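>
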Ligand SMILES: C[S@@+](CC[C@H](N)C(=O)[O-])C[C@H]1O[C@@H](n2cnc3c(N)ncnc32)[C@H](O)[C@@H]1O
């Protein structure tokens, strides 16, 4: 072979782009670099991730490479994939997310599973449910979707988060079932016993621990969604008495907690007049995750 022959760089096929990007993101410290690369490429290409698998040999057009490069650059700087692609799956439904809302976490699915189980036990076809600190709307929307005769009140102190929740409710065609209210906890609702089920995944990170969170969480997710004040339970301490007043006799309060503050939240709930503490539910890692209490029935 002549040494004068020009060397040609191999074409940027989708497969090569993915391999290169996965290596690059790995170097930058991403936890799941190959998955991130695939999700971002599928987003840039406007296809499902699975469709990439039959297109590895396809050459990537320059426009695709450019939009992919931009996503990879931002990912390498630490922006979570969900914000880059604008959505995250939760309980098998796709939810739009912006930086105004917390990215839905898999462990929060436990709250939905428990709520659906309780709905069967409560045996009232027209349950009234509240979701306090609704964020992207995941809890309210999953309940509305799987309990179609229930009516839901979704509250959040952040008007920007409520806009995201409302648009997710429209996307999942449950917007007529959910009332959205901008409110500091239950402040905007009368203190009367109207709910069968109150759900909340409140901010529960202790203020002093905020600086120790992963960079991705700390730098991109809303502080309002995370910072639970001193010991991480300041908001929960205000919330419990408000929730108790608004529960019907026999109704349930479910709260997601951090493993570090579950005991404190259990104590608060056990001490709340009119409530019985029920068994805390652990997540798949065996960590306490959903603290629950039941309103004592009158009489
Ligand atoms: C941990 S996020 C949970 C979001 C969503 N429910 C989820 O599980 O992904 C907490 C939410 O509570 C809201 N929030 C914080 N303080 C609040 C308050 N005082 N009253 C109502 N909502 C509040 C935040 O805006 C945020 O959307």
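In my numbering, the protein residues as written are 41 to 339. Note that the Cβ used here is the ideal one computed from N, Cα and C, for glycine as well. Note that the structure is a prediction, hence the values are computed from the model and not measured.
(1) Report the rounded CA-to-CA distance for residue 334 versus residue 86, giving the unit in angstroms.
(2) From which residue to which residue does the beta strand (DSSP E) around residue 318 run?
(3) From residue 63 to residue 74, what distance separates their C-alpha atoms?
(4) For residue 192, which residues does DSSP report across the bridge?
(5) How long is the line joining the alpha carbons of residue 344 and residue 133, rounded to whole angstroms?
(6) Pick out the complete alpha helix (DSSP H) segments inside the stretch 51-116, 4 residues or longer, and give them in chain order.
(7) Looking at the secondary structure, which residues open and close the beta strand (DSSP E) in which residue 295 lies?
(8) Can you give the beta carbon distance from residue 239 to residue 179, rounded, assuming they're within the 8 Å contact cut?
(9) Considering only their Cβ atoms, is the gap separating residue 96 from residue 172 smaller than 8 Å?
(10) Per DSSP, what kind of secondary structure is residue 198 in: helix, strand or coil?
(11) Are residue 297 and residue 331 closer than 8 Å when you measure CB to CB?
(12) Three or more beta-carbon pairs under 8 Å between the stretch 53-73 and the stretch 99-115, yes or no?
(13) Between residue 193 and ligand 1, is there a pair consisting of the residue's CB and a ligand heavy atom that are separated by less than 7 Å?
(14) Leaving out five residues on either side along the sequence, give the residues of the same chain with a beta carbon under 7 Å from the beta carbon of residue 317.
(15) Taking 8 Å as the limit between beta carbons, can you name the residues of its chain near residue 148, skipping five residues before and five after?
(16) Across which residues does DSSP place residue 240 in a beta bridge pair?
(17) Look up residue 133 in the DSSP assignment and say whether it is helix, strand or coil.
According to the data block:
(1) As a first step, residue 334 is located in the chain shown; it is residue number 294 there, counting from the start. As a first step, residue 86 is located in the chain shown; it is residue number 46 there, counting from the start. Roughly 46 Å separates the two Cα atoms.
(2) Within the chain shown, residue 318 is the residue found at index 278, counting from 1. Unbroken beta strand (DSSP E) run through residue 318: 315-322.
(3) As a position in the chain shown, residue 63 is number 23, starting the count at 1. As a position in the chain shown, residue 74 is number 34, starting the count at 1. In this model, residue 63 and residue 74 are separated by some 8 Å (Cα to Cα).
(4) Taking the first residue of the chain shown as 1, we reach residue 192 at position 152. Beta-bridge annotation (DSSP): residue 192 is paired with 169 and 218.
(5) Absent from the structure is residue 344, since the part of the chain shown begins at 41 and ends at 339.
(6) Runs found: 54-67, 73-85, 89-92 and 102-116.
(7) The count along the chain shown starts at 1 and reaches residue 295 at position 255. First-last of the beta strand (DSSP E) with residue 295: 287-296.
(8) Start at 1 with the first residue of the chain shown, and residue 239 comes out as number 199. Start at 1 with the first residue of the chain shown, and residue 179 comes out as number 139. That belief holds up - the Cβ atoms of residue 239 and residue 179 are roughly 5 Å apart, short of 8 Å.
(9) As a position in the chain shown, residue 172 is number 132, starting the count at 1. As a position in the chain shown, residue 96 is number 56, starting the count at 1. Result no, Cβ atoms of residue 172 and residue 96 do not sit closer than 8 Å.
(10) On the chain shown, residue 198 is found 158 positions in, with the first residue counted as 1. In the structure shown, residue 198 sits in coil (DSSP, three-state: anything other than H, G, I, E or B).
(11) Walking along the chain shown from the start, residue 297 turns up at place 257. Walking along the chain shown from the start, residue 331 turns up at place 291. Yes. Within cutoff.
(12) The stretch 99-115 and the stretch 53-73 touch, with three or more beta-carbon pairs separated by less than 8 Å.
(13) Your numbering for residue 193 matches position 153 in the chain shown. Outside the cutoff, so no.
(14) Within the chain shown, the letter at position 277 stands for residue 317. Same-chain partners within the cutoff: 306, 309, 310 and 333.
(15) In the chain shown, residue 148 corresponds to position 108, counting from 1. Here the set comprises 130, 178, 179, 241 and 296.
(16) Locating residue 240 in the chain shown gives position 200, where the first residue counts as 1. Its beta-bridge partners are 172 and 295.
(17) Locating residue 133 in the chain shown gives position 93, where the first residue counts as 1. Looking at residue 133 - three-state DSSP - the assignment turns out to be strand.
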